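Peer 1: Below: one structure in structure tokens.
2 protein chains.
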Amino acid sequence: MASHHKSTSMQSKAYEFIKRKITMCEYAPNQLLSEAVLQEELGFSRTPVREAIGRLEQEGLLKVLPKRGIVVSGFTFSDISMIFEVRRLIEPYALRHYGSRLDLAEVKRYSEIFHAHMSSNECTEFYHLDDQFHALLISVLENDYLLELYSRIQTQNTRLRVMSGQFIDSRMRRTMAEHAEIADACLESNWERAAIAMTKHLQYSEESSLATLLKSRGNTSIF
Amino acid sequence: MASHHKSTSMQSKAYEFIKRKITMCEYAPNQLLSEAVLQEELGFSRTPVREAIGRLEQEGLLKVLPKRGIVVSGFTFSDISMIFEVRRLIEPYALRHYGSRLDLAEVKRYSEIFHAHMSSNECTEFYHLDDQFHALLISVLENDYLLELYSRIQTQNTRLRVMSGQFIDSRMRRTMAEHAEIADACLESNWERAAIAMTKHLQYSEESSLATLLKSRGNTSIF
DNA sequence: TGTGAGGAACTTGTATACATGCTAATATAC
DNA sequence: GTATATTAGCATGTATACAAGTTCCTCACA
Chain L
1 MASHHKSTSM QSKAYEFIKR KITMCEYAPN QLLSEAVLQE ELGFSRTPVR
51 EAIGRLEQEG LLKVLPKRGI VVSGFTFSDI SMIFEVRRLI EPYALRHYGS
101 RLDLAEVKRY SEIFHAHMSS NECTEFYHLD DQFHALLISV LENDYLLELY
151 SRIQTQNTRL RVMSGQFIDS RMRRTMAEHA EIADACLESN WERAAIAMTK
201 HLQYSEESSL ATLLKSRGNT SIF
Chain R
224 MASHHKSTSM QSKAYEFIKR KITMCEYAPN QLLSEAVLQE ELGFSRTPVR
274 EAIGRLEQEG LLKVLPKRGI VVSGFTFSDI SMIFEVRRLI EPYALRHYGS
324 RLDLAEVKRY SEIFHAHMSS NECTEFYHLD DQFHALLISV LENDYLLELY
374 SRIQTQNTRL RVMSGQFIDS RMRRTMAEHA EIADACLESN WERAAIAMTK
424 HLQYSEESSL ATLLKSRGNT SIF
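Protein sequence lines, in the order shown, are assigned to chains L and R.
Counting with our numbering, you get residues 1 to 223 for the letters of the first sequence.
Counting with our numbering, you get residues 224 to 446 for the letters of the second sequence.
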């Protein structure tokens, strides 16, 4: 749907560039921008930059303040709740209804990694691993609307993660264990168990996110 | 999120205008357009029209073919399945989890209308009634991501409805009855029953849509 | 009659000039 | 010193000129 594969137009490049900067919080939530700033960074003229801005605004990552500037969309605790509500709705559903579509060889590969890291402190590429595992599980949904929604959720999730800093190690090990539980249920083709494990995993994950965010930012409810 | 209240900019007017035309199938699925055509209809210059086009493409209603033109997004049977899958996922969820947020006085108002029309042939404003009822039920979801997704689904649903022509009367009466069942379950605060009734309603609705579409278009699988 | 080269008439992509509105600093009046 | 009016600078909004690619008709030619 919104698959801009490898379009080489300046507009697309600008879109990808800005989106990446926002995702990685190089453009922080609530940061004030302007067309001029983005033009300078990209070296393009106004037109393609403006079109990228329009798309990103439609996507909810930016907000154009008429005649005043551009602001990167902020985060509230309410956003976190909404994000995890969507995930709790979609991800267990995917497992429960379409688990049988999974490539179990692929799942087994992940399972082994998770078991191997449950008691280690290795956290290289942890986020990447996390994202890829969830992406694998969600890919069984052959529903463009749900996949696009999940993609947006994923972007927000990444921003959240980057902003709240690294996970504490204990949470990382627990995540490995929870992922292992999900993967193992899949390997048994026990989709109901997998779905339940996913639900629990997402609950813990949300609690951890909220806690981390509270600690790192005090009790300011808005980024 | 994508709430363009009553923005008076040309860009927004163009967006609303084109979106409405697509929704109402005045720009039919797979119809070929061009910036020039839209400019003429609106009397605006390229810039605001282009920005509107960009937004609509991001929203999936349009596809820009580089240097070739603009095509209105088409429909496949797969789209219908996807739309109803999303609805079956979201709407019963809303009732089950947040039914208690409903304004029962409002629901009662609808319930009376549904009962009154179950055996009549009055179908004036039927679609409007249908949309409003579902919108009321979904409004308990205070989740921007889900609401925006539903809004997109709603747009697609409208296009589908317009394209497949009027419901047959019997389906309209059955819809009234199914809506009444849902509403009455709500009035009892029996959210589980309401959710189940909604699930069934959506199943029937999907079957009817598919059947109507097959009849009206033969077995060409694409619009 | 068939075929292929050329080009006119379209399309969108990009750059830029100008219009308009907001903000904040400054000057001025008291 | 304080308050208010003015103004310069910067923001986005819009229109338009130009660039570059695609389509398809035309017309010469075998």
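We put the CB at the ideal spot given by N, CA and C, even for glycine.
Fair warning: this is a prediction, and the values are worked out from it, not measured in the lab.
Name the DSSP bridge partner or partners of LYS63/L?
Peer 2: Bridge partners of LYS63/L: VAL71/L.
Peer 1: Could you have a look at GLN299/R and say whether DSSP puts it in helix, strand or coil?
Peer 2: Residue identity check: residue 299/R is Thr in the sequence provided, not Gln. Strand at THR299/R.
Peer 1: Can you give me, in chain order, the residues of the region 31-56 of chain L that have a beta carbon less than 8 Å from any beta carbon in chain R?
Peer 2: Answer set for the region 31-56 of chain L: ARG50, GLU51, GLY54 and ARG55.
Peer 1: Using the beta-carbon count (16 or more within 10 Å), is MET198/L buried or exposed?
Peer 2: The residue is buried, with at least 16 neighbouring Cβ atoms inside 10 Å.
Peer 1: If the cut-off is 7 Å on Cβ atoms, which residues from the region 307-333 of chain R count as contacting chain L, listed in chain order?
Peer 2: The region 307-333 of chain R vs chain L, Cβ under 7 Å: GLU308, VAL309, LEU312 and TYR316.
Peer 1: When you compare only the Cα positions, how much space is there between GLY322/R and HIS357/R?
Peer 2: Computed Cα separation, rounded: 13 Å.
Peer 1: Count the other CB atoms within 10 Å of the CB of GLN58/L; is the residue buried (16 or more) or exposed (fewer)?
Peer 2: Buried, because 16 or more other Cβ atoms sit within 10 Å of the Cβ of GLN58/L.
Peer 1: Listed from N- to C-terminal order along the chain, which residues in the region 366-387 of chain R have their beta-carbon within a distance smaller than 9 Å of any beta-carbon of chain L?
Peer 2: Answer in chain order: ASN366, ASP367, TYR368, LEU369, GLU371, LEU372, ARG375, ILE376 and GLN379.
Peer 1: By how many angstroms is the C-alpha of TYR373/R removed from the C-alpha of LEU160/L?
Peer 2: Answer to the nearest angstrom: the Cα atoms are 24 Å apart.
Peer 1: Name the residue from VAL37/L, GLU148/L and PHE126/L whose alpha carbon lies nearest to the alpha carbon of MET233/L.
Peer 2: With chain L running from 1 to 223 in the structure shown, residue 233/L is simply not present.
Peer 1: Using a Cβ cut-off of 8 Å (strictly closer), state whether GLU59/L contacts chain R.
Peer 2: Chain R, which has a Cβ nearer than 8 Å to the Cβ of GLU59/L, makes this yes.
Peer 1: Could you name the residues of the same chain whose beta carbon sits closer than 8 Å to that of ASP131/L, not counting the 5 residues immediately before and after it, in chain order?
Peer 2: Around ASP131/L: GLN154 and THR158.
Peer 1: Whole angstroms are fine: how far does the CA of LEU104/L sit from the CA of TYR316/R?
Peer 2: Between TYR316/R and LEU104/L, the C-alpha separation is close to 30 Å.
Peer 1: How many angstroms separate the CA atom of LEU38/L from the CA atom of GLY74/L?
Peer 2: Each residue's alpha carbon lies about 19 Å from the other.
Peer 1: Which chain R residues sit within Cβ distance under 8 Å of MET198/L?
Peer 2: Within 8 Å Cβ-Cβ: nothing; MET198/L doesn't reach chain R, min ~15 Å.
Peer 1: Among MET305/R, SER342/R and MET233/R, which one has its Cα closest to the Cα of ILE276/R?
Peer 2: ILE276/R has its Cα closest to that of MET233/R, out of MET305/R, SER342/R and MET233/R.
Peer 1: What does MET82/L touch in chain R if you count any residue whose Cβ is under 9 Å from its own?
Peer 2: GLU365, ASN366, ASP367, TYR368 and LEU369, listed in chain order.
Peer 1: My output table needs one value for LEU32/L: the three-state DSSP class, helix, strand or coil.
Peer 2: LEU32/L: strand per DSSP, three-state reduction.
Peer 1: Any chance the region 330-342 of chain R sits against the region 421-441 of chain R, with 3 or more Cβ pairs inside 8 Å?
Peer 2: No: fewer than three Cβ pairs fall under 8 Å.
Peer 1: In whole angstroms, give me the CA-to-CA distance for ARG450/R and SER45/L.
Peer 2: Any question about residue 450/R goes unanswered here, given that chain R covers just 224 to 446.
Peer 1: Determine whether the beta carbon atoms of ILE80/L and LEU202/L lie at a separation below 8 Å.
Peer 2: Result no, Cβ atoms of ILE80/L and LEU202/L do not sit closer than 8 Å.
Peer 1: Please state whether DSSP places THR246/R in a helix, a strand or coil.
Peer 2: Reduced to three states, the DSSP call for THR246/R is helix.
Peer 1: When we look at the beta-carbon of LYS290/R and count the other beta-carbons within 10 Å, is it buried (16 or more) or exposed?
Peer 2: By the 10 Å Cβ count, LYS290/R comes out exposed.
Peer 1: Less than 8 Å between the beta carbons of GLU188/L and PHE84/L, yes or no?
Peer 2: It is not a contact, given that the beta carbons lie outside the stated cut-off.
Peer 1: In angstroms, rounded to a whole number, what distance separates the CA positions of GLY173/R and SER119/L?
Peer 2: Only positions 224 to 446 of chain R appear in this structure, which leaves residue 173/R out of reach.
Peer 1: Between which two residues does the alpha helix (DSSP H) carrying PHE133/L extend?
Peer 2: Residues 126-138.
Peer 1: What are the boundary residues of the alpha helix (DSSP H) that includes MET386/R?
Peer 2: That run of the alpha helix (DSSP H) goes 367-386.
Peer 1: Does DSSP classify SER170/L as helix, strand or coil?
Peer 2: Of the three classes helix, strand and coil, the one that applies to SER170/L here is helix, per DSSP.
Peer 1: Report the three-state DSSP secondary structure of MET341/R (helix, strand or coil).
Peer 2: Here MET341/R sits in coil by DSSP.
Peer 1: LEU279/R and ILE241/R: beta carbons closer than 8 Å?
Peer 2: Yes; because the gap between Cβ atoms is below 8 Å, this pair is in contact.
Peer 1: Hey, would you say ALA408/R sits closer than 8 Å to ARG416/R, going by beta carbons?
Peer 2: In this structure, ARG416/R lies closer than 8 Å to ALA408/R by Cβ.
Peer 1: Please state whether DSSP places LEU325/R in a helix, a strand or coil.
Peer 2: DSSP places LEU325/R in coil when its eight states are reduced to three.
Peer 1: Figure out for me which residue from VAL107/L, VAL86/L, GLN156/L and ARG109/L has the closest Cα to the Cα of ARG20/L.
Peer 2: Answer by Cα proximity: GLN156/L.
Peer 1: Once DSSP output is grouped into helix, strand and coil, what is the label at SER9/L?
Peer 2: The answer is coil: DSSP assigns SER9/L none of H, G, I, E or B.
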